[in-house]
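Per this note's numbering, numbering of the sequence shown is gapless, rising by one per residue and ending at 250.
The beta carbon of each residue, even a glycine, is placed where N, CA and C say it ideally should be.
Just so you know, these numbers come straight off a predicted model, no measurement behind them.
Notes follow once the structure below has been shown.
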Amino acid sequence: MNMKKISLDSWVQLIGMLSVVAGLVFVGLEMQQSQKIALAGQQANRVQLFSSMMDANNEQEIDQQKLQMILSGQIPMTEDYEWVVMNGLHRMWWIYENDFLQNELGLMDENIWQAKRNAMEANYNFCDGRSVFDIRKNTLDSRLVELVESFPDECVDK
93 MNMKKISLDS WVQLIGMLSV VAGLVFVGLE MQQSQKIALA GQQANRVQLF
143 SSMMDANNEQ EIDQQKLQMI LSGQIPMTED YEWVVMNGLH RMWWIYENDF
193 LQNELGLMDE NIWQAKRNAM EANYNFCDGR SVFDIRKNTL DSRLVELVES
243 FPDECVDK
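Encoded structure:
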């Protein structure tokens with residue numbers, strides 16, 4: 093058997109390359125962990141936002157359950173809730189635009205994004221509130237408008 097002696101320089105280079113690879117693996121794991129922390133932070137911010145919205149409704153003695161029933165079409169919109177519904181829809185389109193951007197940047201979990209899409213579609217098809225979207229769509233991200241207008245339109249004949 094003829095064995096070649098490997099020089100000390102080659103060993104140093106090999107150890108150096110292995111150190112670089114190990115460092116890159118470590119950095120990759122750190123980035124993955126940082127993204128998970130960022131996603132959790134975004135979700136916490138969403139919860140805080142909706143909690144604040146609920147608190148604002150409480151101060152005005154707005155019944156959140158009744159509001160949700162109006163928005164889902166389970167009960168008709170009442171005159172005393174019309175302004176609340178319309179203002180809420182304006183606010184939601186701002187939030188949806190922000191959600192859309194966060195999703196485009198990879199900052200939103202796919203399951204959360206699907207839930208947001210479902211909510212957007214429901215609000216788009218809340219015919220009593222469609223005028224809010226129609227007024228706002230020229231000020232929203234055109235890609236979001238394109239997405240929303242791709243939803244089945246349940247208000248066409250109404």
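Specify the secondary structure class of residue i as computed by DSSP and reduced to three states.
i	result
G198	coil
K97	coil
F218	coil
L193	helix
Just reading off the alpha helix (DSSP H) that residue i is part of, what are its end residues?
i	result
E246	Here E246 belongs to no alpha helix (DSSP H), and DSSP marks it neither H nor E.
F225	R222 to R228
M161	Q156 to L163
Leaving aside the five residues before and after residue i along the sequence, list all residues of the same chain whose C-beta is less than 8 Å from its C-beta, in chain order.
i	result
D233	E189, F192 and L193
If residue i and residue j are in contact, beta carbons under 8 Å, what's the gap, nearest whole angstrom?
i	j	result
W205	N195	5 Å
G115	V177	About 55 Å separates the two Cβ atoms, so there is no contact after all.
W186	V224	With a Cβ gap of about 11 Å, W186 and V224 do not count as contacting.
What I want to know is whether the C-beta of residue i ends up closer than 8 Å to one or more non-hydrogen atoms of the ligand NAD.
i	result
Y216	The ligand NAD is not among the ligands present in this structure, which contains no ligands whatsoever.
Would you decide whether residue i is buried or exposed? Buried here means 16 or more other CB atoms lie within 10 Å of its CB.
i	result
G180	buried
V112	exposed
Can you list, in chain order, the residues of its chain with a C-beta nearer than 7 Å to that of residue i? Leave out the 5 residues immediately preceding and following it.
i	result
P244	none
M169	I162, V177 and D220
Q156	M146 and N149
Leaving out five residues before and five after residue i in sequence, what residues of the same chain have Cβ atoms less than 6 Å from its Cβ?
i	result
K208	D191
I167	M161
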